[in-house]
Amino acid sequence: MQFEFSRMGGKLAGPSGILTLMDDLGRALASDPHMLMLGGGNPALIPQMTQIWRERIEVLLKTGTMDRTLGQYDPPQGNLQVIESLAQLLRTHYGWNVSTENIAVTSGGQTAFFYLFNLLAGQMPDGSYRRILLPVTPEYIGYSPLGLDSGLFVGCRPRISTPDESQPHLFKYHVDLKAVESALSRHSIGAVAISRPTNPSGNFLSDDETREIVELATRHRVPVIIDNAYGAPFPGVVFQPTTPVWNESMITTFSLSKLGLPGTRTAFVVAAPQIIKAITAMSAVTGLSHGTVGQQLVADLIESGEIVDLGPKVLRPFYEEKSRFAVQCLTDALKRHAVDGRIHVSEGAFFLWLWLPGLPISSQKLYERLKLRKVLIVPGEEFFFGLEVPWKHAEQCIRLNFAQPAHVLEKAFEVIASEVSLVCRG
45 MQFEFSRMGG KLAGPSGILT LMDDLGRALA SDPHMLMLGG GNPALIPQMT QIWRERIEVL
105 LKTGTMDRTL GQYDPPQGNL QVIESLAQLL RTHYGWNVST ENIAVTSGGQ TAFFYLFNLL
165 AGQMPDGSYR RILLPVTPEY IGYSPLGLDS GLFVGCRPRI STPDESQPHL FKYHVDLKAV
225 ESALSRHSIG AVAISRPTNP SGNFLSDDET REIVELATRH RVPVIIDNAY GAPFPGVVFQ
285 PTTPVWNESM ITTFSLSKLG LPGTRTAFVV AAPQIIKAIT AMSAVTGLSH GTVGQQLVAD
345 LIESGEIVDL GPKVLRPFYE EKSRFAVQCL TDALKRHAVD GRIHVSEGAF FLWLWLPGLP
405 ISSQKLYERL KLRKVLIVPG EEFFFGLEVP WKHAEQCIRL NFAQPAHVLE KAFEVIASEV
465 SLVCRG
């Protein structure tokens, strides 16, 4: 039987960049042990973090908490004790004016953004259409298919600089505030969305840049959503100084995935009570409740405040060292093969963003060629959704996960450089 899907069903079940990414990742992991996996977003298995989670599981088992965790539903807002502890932590450490009315749990960050984007944008009750503004494009591939209505996103093209003239192989994106202000004026915008640090580029909007975006948006009565999947206060995979801020014109999300718990699918949303009530209702309708294991694994870490120390003490040093090694390793490989390549300054997260200005084929075609050579990367085109004018730059970039063992990076970068060299020579 051939089934006919609804318009919403067709939208959600259709092809998308994030589906291809996750499908390729899963198939490669299951069927090809020799594939060099630079494509996905899996965190590294850090021994210190693994030990923490083992110890937490042992405590949950010994105290009987695991029985309750597995055997009972939490409320759709999330575990109220964990939420109270998080509110206390945010008040004490950062001075945020939040209570339990300002926090909800979701089944991962992707679910949070599905709820938020469709709450704040799309077809409105008065017949108008609101959109999500992305101040710096490229932006996270997982956002693009989340709208139930098409044409949900407006992307702003960034300015590009060479931060250090002595290192011409490095570049950086900067928010173009004039472009952001123009987009806010020309379009009906429901929310501004930022991943900070940015997936895919590793770009980190400074505190000043973020403040300016929030001020611009507030003047237009538009909320700003900040995706802290890699950011502060946790997991804290940020290589630049930053002070986490929040007010009721902002919506902030945190995830446990990059702490080393992607399998728990647990995230937190901090927002005005009206947003939290809506998120809670949507969670009840779509899933009744949330997975409880992730919340319990971090409950004591949140209550003690230890969770905010994991970034600066464990995660940041680990990934920053990986980043330095990866940048040098990739730079050396490109030089050996005389490839014109520029790497975005690595300011957080665990990706390198490689720009190949002379690439004569699209990054999608390069991705297919590299997959045949047992290297899995992510092509850049899928990260440039929402732009009003096509940009050649979008076809010249690829994302590389550097949270891999050194020998994997060395081998993969050598293959990438040699393949690009081969393509450029025709």
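Take any residue in the sequence shown, count from 1 to its spot, add 44: that is its number in the working numbering.
Every residue gets a Cβ at the ideal spot worked out from N, C-alpha and C, and that includes glycine.
Residue i, buried or exposed, once every other Cβ within 10 Å from all chains shown has been counted against 16
i, result
"K379", "exposed"
"M294", "buried"
"H388", "buried"
"N291", "exposed"
"S50", "exposed"
"K366", "buried"
"P202", "buried"
"Q1", "Given a span of 45 to 470 for the chain in the structure shown, any question on residue 1 remains unanswerable."
"K302", "buried"
"G199", "buried"
"S226", "exposed"
"T254", "buried"
"I269", "buried"
"T104", "The residue you asked about is not Thr; residue 104 is Leu in the sequence shown. Buried."
"M168", "exposed"
"M326", "buried"
"I257", "buried"
"N204", "Checking the sequence, you will find Ile at residue 204 rather than Asn. I204 is exposed by the Cβ-count criterion."
"V433", "exposed"
"G53", "exposed"
"G280", "buried"
"G234", "buried"
"T412", "Note that residue 412 is Glu in the sequence shown here, rather than Thr. The residue is exposed, with fewer than 16 neighbouring Cβ atoms inside 10 Å."
"P285", "exposed"
"V224", "buried"
"A382", "exposed"
"F197", "buried"
"P267", "buried"
"T183", "Per the sequence shown, residue 183 should be read as Glu rather than Thr. Per the 10 Å Cβ criterion, buried."
Option in the options with minimal Cα separation from residue i
i, options, result
"S239", "R360, L410, Q211, F298", "F298"
"G166", "R175, S462, D118, P317", "R175"
"Y187", "Q116, R469, F161", "F161"
"V314", "F283, V149, A447", "V149"
"D170", "R360, T287, Y363, S232", "S232"
"P244", "W140, Y217, P306, A328", "Y217"
"V126", "I346, P434, A447", "I346"
"G58", "P91, A325, S194, T94", "S194"
"A322", "F283, A156, C468", "A156"
"S390", "R263, H137, F283", "F283"
"G304", "A316, I319, V268, R360", "R360"
"L80", "L414, G470, V467, E439", "L414"
"K357", "P317, M93, G54, L82", "M93"
"R309", "E426, E259, V342, P317", "V342"
"V219", "R230, Q132, F248, P404", "F248"
"D252", "F278, T287, L164, G280", "T287"
"F312", "A438, Y184, G338, T242", "G338"
"H437", "R263, K55, R386, E412", "R386"
"A370", "M45, L82, M52", "L82"
"G191", "E209, L164, T206, S172", "L164"
"G84", "F395, L56, I101", "F395"
"C373", "V329, D271, A450", "A450"
"P241", "D271, P317, V467, M110", "D271"
"E364", "I101, F47, A88, V452", "A88"
"K409", "Y159, I320, E439", "E439"
"I185", "E426, V467, R469, V452", "E426"
"D344", "P77, D208, Q116, Q132", "Q132"
"L56", "P189, T324, E99", "P189"
"L130", "F278, L196, V266", "F278"
Whole-angstrom C-beta distance between residue j and residue i, which should lie under 8 Å
i, j, result
"A276", "G355", "7 Å"
"G392", "L178", "About 18 Å separates the two Cβ atoms, so there is no contact after all."
"Q340", "T113", "5 Å"
"V236", "A261", "5 Å"
"D118", "T296", "At roughly 21 Å, the Cβ-Cβ gap does not stay under 8 Å, so D118 and T296 are not in contact."
"W397", "G246", "6 Å"
"G402", "D384", "5 Å"
"I90", "F362", "5 Å"
"S406", "P120", "The pair is not a contact, with the Cβ atoms about 43 Å apart (cut-off 8 Å)."
"H264", "L228", "5 Å"
"P306", "N86", "6 Å"
Below-7 Å beta-carbon distance, residue i vs any chain C residue
i, result
"V459", "This model lacks chain C altogether, as it is built from one protein chain only."
Say whether the segment 347-356 touches the segment 143-156, bearing in mind that this needs 3 or more beta-carbon pairs closer than 8 Å, one atom from each stretch.
-> no
Given 8 Å as the limit, is there contact between the segment 437-455 and the segment 414-422, that is, 3 or more CB pairs closer than that?
-> yes
Runs of beta strand (DSSP E) lying entirely within the segment 379-418, each at least 3 residues, in chain order = 386-388, 395-399
Determine, using beta-carbon pairs with one atom in the segment 445-457 and one in the segment 206-221, whether at least three such pairs fall under 8 Å.
-> no
Flag this pair as touching only if the segment 411-419 and the segment 458-469 have three or more C-beta atom pairs under 8 Å; answer yes or no.
-> yes
Please go through the segment 75-156 and give each complete alpha helix (DSSP H) segment of 4 or more residues, from N-terminal end onward.
-> 91-107, 109-115, 124-138
Fully enclosed by the segment 239-266, which alpha helix (DSSP H) runs are 4 residues long or longer?
-> 251-263
Quick one: complete beta strand (DSSP E) runs, 3+ long, within the segment 262-303?
-> 268-272, 294-299
Beta strand (DSSP E) runs wholly inside the segment 165-238, at least 3 long, in chain order | 173-178, 197-199, 203-205, 214-218
Quick one: complete alpha helix (DSSP H) runs, 4+ long, within the segment 296-378?
-> Within the segment 296-378, the complete alpha helix (DSSP H) runs of at least 4 residues are 317-331, 337-348.
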